[in-house]
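Here the sequence shown is numbered in full-length UniProt numbering, starting from 1 and rising by one per residue.
Note that beta-carbon positions come from the ideal geometry of N, C-alpha and C, so glycine has one too.
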Amino acid sequence: MQPFQKILVTGADGFIGSHLTEALVRQGYDVRAFVMYNSFNSWGWLDQAAADVRGRFEVFAGDIRDPHGVLEAMKGCDAVLHLAALIAIPYSYHSPDTYVDTNIKGTLNVLQAARQLGVRKVVHTSTSEVYGTARYVPIDEKHPLQGQSPYSASKIGADQMALSFYCSFGLPVGVIRPFNTYGPRQSARAVIPTIITQLANGAKNIQLGSIHPTRDFNFVEDTVGGFIAFLESERSIGEEINIGSNFEISIGDTAQMIARLMNSDAVIGMDAQRLRPEKSEVERLWADNRKAETLLGWKPKYAESAGLEVGLKQTIEWFTEASNLSGYKADRYNI
1 MQPFQKILVT GADGFIGSHL TEALVRQGYD VRAFVMYNSF NSWGWLDQAA
51 ADVRGRFEVF AGDIRDPHGV LEAMKGCDAV LHLAALIAIP YSYHSPDTYV
101 DTNIKGTLNV LQAARQLGVR KVVHTSTSEV YGTARYVPID EKHPLQGQSP
151 YSASKIGADQ MALSFYCSFG LPVGVIRPFN TYGPRQSARA VIPTIITQLA
201 NGAKNIQLGS IHPTRDFNFV EDTVGGFIAF LESERSIGEE INIGSNFEIS
251 IGDTAQMIAR LMNSDAVIGM DAQRLRPEKS EVERLWADNR KAETLLGWKP
301 KYAESAGLEV GLKQTIEWFT EASNLSGYKA DRYNI
């Protein structure tokens with residue numbers, strides 16, 4: 001495959017998107033970062049981009065829900081990494097309409113523009129939530145899709161829209177499906193930052209939702225590596241590919257590991273407002289990542305319990321820096 005000349009990253013202002021933008025720049029790619037327009041002229045996490053990449057990428061401020069803006073942003077690009085999405089599950093119970101507009105229609109805007117402009121590769125971002133509670137483990141890409149929240153339903157719709165453009169129009173698009181990513185810059189609506197920020201602020205009783213469900217946690221460096229491998233592989237077009245560690249751990253055991261690493265004897269408790277509706281809770285996620293290794297040559301560097309511990313140490317180090325911790329409201333429940 002010939003090298004890509006210019007890459008558009010949607011959602012570049014977010015957690016994974018900002019790390020991905022930095023990694024692409026470091027690898028010599030010409031990157032245009034699509035960020036959410038706002039009157040503060042904020043580029044999200046790209047405002048804090050590492051010194052070695054600052055000023056070395058282009059920024060386009062717009063709205064993924066606007067087809068004209070998406071088309072303008074994509075002009076001159078020959079590949080698109082589409083990460084822009086609403087991702088908070090609790091907020092999807094509150095405002096499901098916005099998830100349809102952003103996740104499904106926003107994805108449609110990306111696909112239509114890519115088709116019109118003859119883009120050579122579109123990488124569409126899915127989520128492990130589309131699988132719902134595992135019917136078998138580890139979860140491979142043939143596992144049934146289950147929309148257990150408006151969020152996951154909107155992502156299933158977006159994934160299928162992307163694959164339909166491959167089947168209907170021959171658009172060179174593939175679906176990358178990361179499992180639960182964690183690391184520096186992650187929103188406090190996710191469980192690992194929730195635990196770390198409460199402990200870092202001296203809490204002795206950590207408030208969480210359900211602690212028995214299991215997850216397959218992936219350090220952001222591994223997830224970013226998966227995106228780049230997916231982009232560069234000729235074998236990813238038309239495919240759905242899991243990016244996961246192939247390691248399962250409960251929320252409760254994860255909290256205990258973090259408390260141990262932070263030298264805390266805090267008690268892990270349950271806050272009723274953080275619980276998902278019973279049938280909406282995804283009880284078990286555990287990735288089968290063999291397809292990623294076969295098609296992309298990708299394997300996690302932060303694998304098994306030992307790898308998770310290394311990734312958590314780096315995450316804790318970032319969150320406990322005073323300048324970073326001050327940006328999080330650890331005493332509030334973030335939906």
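Next on the checklist: Can you tell me which residues form a DSSP beta bridge with residue 284?
Outcome noted: Position 284 of the sequence shown, counting from 1, holds the residue named residue 284. According to DSSP, residue 284 bridges with 214.
Checklist entry - Hey, is the segment 272–286 in contact with the segment 112–127, meaning 3+ C-beta pairs nearer than 8 angstroms? => result no
Checklist entry - Rounded to a whole number of angstroms, what is the C-alpha to C-alpha distance between residue 56 and residue 44? => result For the purposes of this step, residue 56 is taken as residue 56 along the sequence shown, with counting starting at 1. For the purposes of this step, residue 44 is taken as residue 44 along the sequence shown, with counting starting at 1. Distance between the alpha carbons of residue 56 and residue 44 is about 16 angstroms.
Next on the checklist: Would residue 87 and residue 174 qualify as a contact pair, given that the criterion is a beta-carbon distance under 8 angstroms?
Outcome noted: For the purposes of this step, residue 87 is taken as residue 87 along the sequence shown, with counting starting at 1. For the purposes of this step, residue 174 is taken as residue 174 along the sequence shown, with counting starting at 1. Not closer than 8 angstroms, so no.
Checklist entry - How should residue 21 be labelled, buried or exposed, when 16 other C-beta atoms within 10 angstroms of its C-beta is the threshold for buried? => result Stepping through the sequence shown from its first residue, residue 21 is reached at position 21. Buried: at least 16 other Cβ atoms inside 10 Å.
Checklist entry - Under the DSSP definition of a beta bridge, which residues are partnered with residue 76? => result Along the sequence shown, one-based indexing puts residue 76 at 76. Looking at the DSSP assignment, residue 76 forms no beta bridge with any residue, so it has no partner.
Checklist entry - If you count every other CB in all the chains shown that lies within 10 Å of the CB of residue 74, and 16 or more means buried, which is it? => result The sequence position of residue 74 within the sequence shown is 74, counting from 1. Under this definition residue 74 is a buried residue.
Item to check | Span of the beta strand (DSSP E) around residue 143 | outcome: Looking up residue 143 in the sequence shown gives position 143. Note, residue 143: premise wrong, no beta strand (DSSP E); not H, not E.
Item to check | Which of helix, strand or coil DSSP assigns to residue 244 | outcome: Position 244 of the sequence shown holds residue 244. Residue 244: coil per DSSP, three-state reduction.
Checklist entry - What residue from 2, 31, 23, 3 has the CA that sits closest to residue 9's CA? => result Working through the sequence shown from its first residue, we reach residue 9 at position 9. Ranking 2, 31, 23, 3 by Cα distance to residue 9 puts 31 first.
Item to check | Distance between beta carbons of residue 270 and residue 211, contact taken as under 8 angstroms | outcome: Within the sequence shown, the letter at position 211 stands for residue 211. Within the sequence shown, the letter at position 270 stands for residue 270. Between residue 270 and residue 211 the Cβ distance is about 7 angstroms, and since that is below 8 angstroms, they are a contact.
Checklist entry - Would residue 234 be called buried (16 or more neighbouring beta carbons within 10 Å of its own) or exposed? => result Within the sequence shown, residue 234 is the residue found at index 234, counting from 1. Classification of residue 234: exposed, given that the 10 Å Cβ count is below 16.
Next on the checklist: Tell me which residues share the same chain as residue 114 and place their Cβ nearer than 7 angstroms to its Cβ, disregarding the 5 neighbours each side in the sequence.
Outcome noted: As a position in the sequence shown, residue 114 is number 114, starting the count at 1. Hits under 7 angstroms: 74, 80, 122, 171.
Item to check | Three-state class that DSSP yields for residue 291 in the structure shown | outcome: Residue mapping note: residue 291 aligns to position 291 of the sequence shown, counting from 1. Reduced to three states, the DSSP call for residue 291 is helix.
Checklist entry - First and last residue of the beta strand (DSSP E) that includes residue 209? => result The residue given as residue 209 occupies position 209 in the sequence shown. No beta strand (DSSP E) holds residue 209; DSSP gives it neither H nor E.
Next on the checklist: So residue 308 and residue 302 are supposed to be a Cβ contact under 8 angstroms. How far apart are they, rounded?
Outcome noted: In the sequence shown, the residue the question calls residue 308 occupies position 308. In the sequence shown, the residue the question calls residue 302 occupies position 302. Contact flag correct, Cβ pair sits at about 7 angstroms.
Checklist entry - Helix, strand or coil: how does DSSP classify residue 234 here? => result As a working note, residue 234 is residue 234 in the sequence shown. Three-state result, residue 234: coil.
Checklist entry - Are the beta-carbon atoms of residue 82 and residue 107 separated by less than 8 angstroms? => result Locating residue 82 in the sequence shown gives position 82, where the first residue counts as 1. Locating residue 107 in the sequence shown gives position 107, where the first residue counts as 1. Yes.
Checklist entry - Could you check where the beta strand (DSSP E) with residue 61 kicks off and where it finishes? => result On the sequence shown, residue 61 is found 61 positions in, with the first residue counted as 1. Residue 61 -> beta strand (DSSP E) spans 58–62.
Item to check | residue 62 vs residue 40 beta-carbon contact at 8 angstroms | outcome: Position 62 of the sequence shown, counting from 1, holds the residue named residue 62. Position 40 of the sequence shown, counting from 1, holds the residue named residue 40. For residue 62 and residue 40, no; Cβs fall outside 8 angstroms.
Checklist entry - Which of helix, strand or coil does DSSP assign to residue 41? => result Position 41 of the sequence shown holds residue 41. Coil.
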